[in-house]
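This note's numbering applies: residue 7 is where the sequence shown begins, and numbers increase by one. The structure appears right after this line, and notes come after that.
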Amino acid sequence: MVKDLKSALAALDGNEPVALLELRETQWLDAKGVPYQLADPKAVEELAKDVAAFANGGGGMIVIGIATRLEHDEEVLDRIVGLDPAAVNVDQIRKLIRQWITPAPRGVRVGWSGADGERVVFIDVPEQAAGTLFVVPAPVGKPGSPRTDTVAVPRRDGDSTHWLPRAEIQQLLSAGVRASGMPTAQALTELVRQAVSEAGPDGELRVGQGLPDREREMRAAYEQLAGAGLGRPAGEAWAQGPAALQDLHYELDGEPGWVLCLVAGRPPAAVAEPVWQAIVAAGQHAPGQDPLAAIGFPRPPKDTDTPWVIAADSRSVDLDGGSWGAGRLTCSGRGVWRWQPLPRFGLNQGRSADIGTSGQTPALRLRAVVNLPWADPDQLEISKPRRTLLEQQLPYSAVAGAVTILSRRRGSELPAARWERGPFGNSARSVGYSCTIAGPDGSPALKASVMLALPTTMESIVVACADVLIENPAAWAAALGPGWDTQLGLDEVQAVLLDTWETAAELLPDVVGDPAGLLWAAPPTTELRMTCEQPADSGVLPTLDTIVDLTPLGTNDGGTRSRMAVTITSEPAMRRAERQRLLREALVYMVDQFGYVDAELDLL
């Protein structure tokens, strides 16, 4: 139950903004139904006022995207309006907070919470150091940089935010003068002297100002990168995760600025503002996280140990990876930036690993499951024209070819040409088709099946799957004719997995439109599996070597298994040669992890 600031933050971090409904606005909570319209100077001043008031008042939070109702002269959080991520630039909010509040509050978090359709933005202002007063420029409602010769002090009073009256500001200043023990004129002179000595040239912000522990390091980096055309600081430096960051102007007016980025253990980087915005935008759909905590920070080129520059015309940036792991941001010819993971392998399986297998007991299943965590998947749909197109394409698909070739290599032409709906079910949110090769008695011998499912209440991502099943080796042998062995070689397994992966990753996603235009909310993955699922009379599952020739893998101290699987984190769409290379590397990883340490890997 949410009853205080700590529990409210826990609810938001858990993507449950609905838990805040029916709370009343208080000293620590402010709700807004619509975002700050940051193109309006008055809205920028309002943002600075609200955040500084919480900083002066012991901390609190602003939740944007929850409407309130008036009840007994109190504002009650009534309903979630929901925000479009494209309509709120959280990085700009952070930047404005740093630019307009003096000193910049420490530890302020700006993040997203909630699922699609019910997403809110929250600004968490933690309690600040005692004895620090946070001020903003006096509001004027006009565009331009913050004025440096005016001051206003916002404060939180119950559920409202007010300006500290001029008389009280004067009393605070007088108290400071008295505490100094100096006459007024001398105290003011000393204050000005300190301010000038601590400021940069002409009283401007210093490089590294705001992070005293890293200021010297940031100044050294700035001097090393001066040749890039870095201008003066546009705001105080701030820490974000392992990085120290500071916005900089460009030397020439009208040109985009820079972000000075220092990550411990790496050479410093100057990142052009447009590229930095693309980095932040690529991670903005990560649920409940700061974008940079998900996507990570720029990683220098291999063997680079000197300061480096990411210019505005850069087309590719490698990122070290936060919770998403290492990735690469690339810019298309149309100027659209897109993040993709750098390939890696693992054994973890998702919740959809066994999707659509209930009630099925094939002798062997070769499967590719592609998990597609697209942002805003509720906006996707499967239209009738795209479903019809898929039906026309399936007889000529890679997975159909895989089934056909298995029999052709054994001297028979048993094409996977006739596809029917099922067995997964078809609806506005899913497609499913299968093709069965029958034996002489009509019983299933081989089967290929495909499916794609949009998110449900049980699964939050899009899942695409392609299977090739050996339903009954005896029925297949009868269909082939005498003299043919139905045991598969490792080369055949590899070829089938390649074709099921290509079908699930390239053909099936097209039923929702153009996947290239969709952004990620998490890294996409592919799960490749080979499983025996037809138990013997004793109820024990047979081992893979009864259907697949595993001799090239050598012995296994743990004995032969009934299943093996590997998970590949990578961009789903790729050239076939790249997919072949990744598949081989993934299978090498898989057999090694499953104990085949003497495998003849050249045969894979």
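Quick reminder that beta carbons are idealized off the backbone N, C-alpha and C, glycines included. Quantities reported herein were computed from a predicted structural model and do not represent experimental measurements.
Residue i (DSSP reduced to helix, strand or coil)
i: Ser440; result: strand
i: Trp343; result: strand
i: Gln176; result: helix
i: Val146; result: coil
i: Lys308; result: coil
i: Glu81; result: strand
i: Ile553; result: coil
i: Ser418; result: coil
i: Glu533; result: strand
i: Arg427; result: strand
i: Gly352; result: strand
i: Arg212; result: coil
i: Tyr228; result: helix
i: Gly290; result: At residue 290 the sequence reads Gln, which differs from the Gly that was named. Gln290: coil per DSSP, three-state reduction.
i: Asp543; result: coil
i: Ala93; result: helix
i: Leu18; result: helix
i: Met596; result: helix
i: Thr74; result: strand
i: Pro23; result: helix
i: Thr156; result: coil
i: Ser403; result: coil
Contacting residues, own chain, Cβ-Cβ under 6 Å from residue i (five flanking each side not counted)
i: Thr442; result: Pro450 and Lys453
i: Leu534; result: Ala374, Leu503 and Val572
i: Ile4; result: Since the first and last residues shown for the chain are 7 and 610, residue 4 lies out of range.
i: Gly39; result: Ala73 and Val87
i: Arg569; result: Thr537
i: Ser329; result: Ala300
Nearest-angstrom beta carbon gap, residue j and residue i [assumed within contact, 8 Å]
i: Arg1; j: Thr537; result: Since the first residue shown for the chain is 7 and the last is 610, residue 1 is missing from the structure and cannot be characterised.
i: Ala510; j: Cys471; result: 6 Å
i: Val437; j: Pro578; result: Contact flag wrong, Cβ pair sits at about 17 Å.
i: Ala275; j: Gly289; result: About 17 Å; that fails the 8 Å criterion.
i: Asp563; j: Gly601; result: 6 Å
i: Val499; j: Val554; result: 6 Å
i: Pro488; j: Asp384; result: Going by Cβ atoms, the distance from Pro488 to Asp384 rounds to 55 Å, so no, they are not a contact pair.
i: Ser4; j: Arg334; result: One cannot answer for residue 4 here, as it falls past the ends of the chain, which runs 7 to 610.
i: Pro273; j: Thr312; result: 6 Å
i: Leu102; j: Leu53; result: 6 Å
Cβ shell of residue i (< 7 Å), same chain only, five flanking positions each side left out
i: Thr561; result: Asp604
i: Gly113; result: Pro132
Cβ pair residue i, residue j closer than 8 Å
i: Asp505; j: Ala408; result: yes
i: Val265; j: Trp282; result: yes
i: Ala318; j: Pro262; result: yes
i: Val517; j: Leu396; result: yes
i: Thr615; j: Ser466; result: Residue 615 cannot be examined here, being either before or after the span of the chain that is shown, 7 to 610.
i: Leu514; j: Val474; result: no
i: Leu486; j: Ser418; result: yes
i: Leu26; j: Leu89; result: no
i: Pro530; j: Leu420; result: no
i: Ala17; j: Thr74; result: no
i: Gln134; j: Ala181; result: no
i: Trp482; j: Gly445; result: yes
i: Met224; j: Gln252; result: yes
i: Val159; j: Val146; result: no
i: Ala173; j: Thr156; result: no
i: Thr167; j: Ala59; result: yes
i: Val65; j: Trp34; result: Checking the sequence, you will find Gly at residue 65 rather than Val. Taking 8 Å as the Cβ cut-off, Gly65 and Trp34 qualify as a contacting pair.
Residues near residue i by beta carbon distance below 8 Å, same chain, minus five either side
i: Pro248; result: Val269, Ala270 and Phe303
i: Ala592; result: Phe351, Leu534, Val572 and Ile574
i: Lys48; result: Pro145 and Gly147
Residue environment, residue i, which counts as buried when at least 16 other CB atoms sit within 10 Å
i: Ser338; result: exposed
i: Arg125; result: buried
i: Thr13; result: Checking the sequence, you will find Ser at residue 13 rather than Thr. Ser13 comes out exposed.
i: Gly545; result: exposed
i: His291; result: buried
i: Gly341; result: exposed
i: Pro23; result: buried
i: Asp56; result: buried
i: Leu178; result: exposed
i: Gln215; result: buried
i: Gln398; result: exposed
i: Asp520; result: exposed
i: Pro149; result: exposed
i: Pro347; result: buried
i: Pro218; result: exposed
i: Met7; result: exposed
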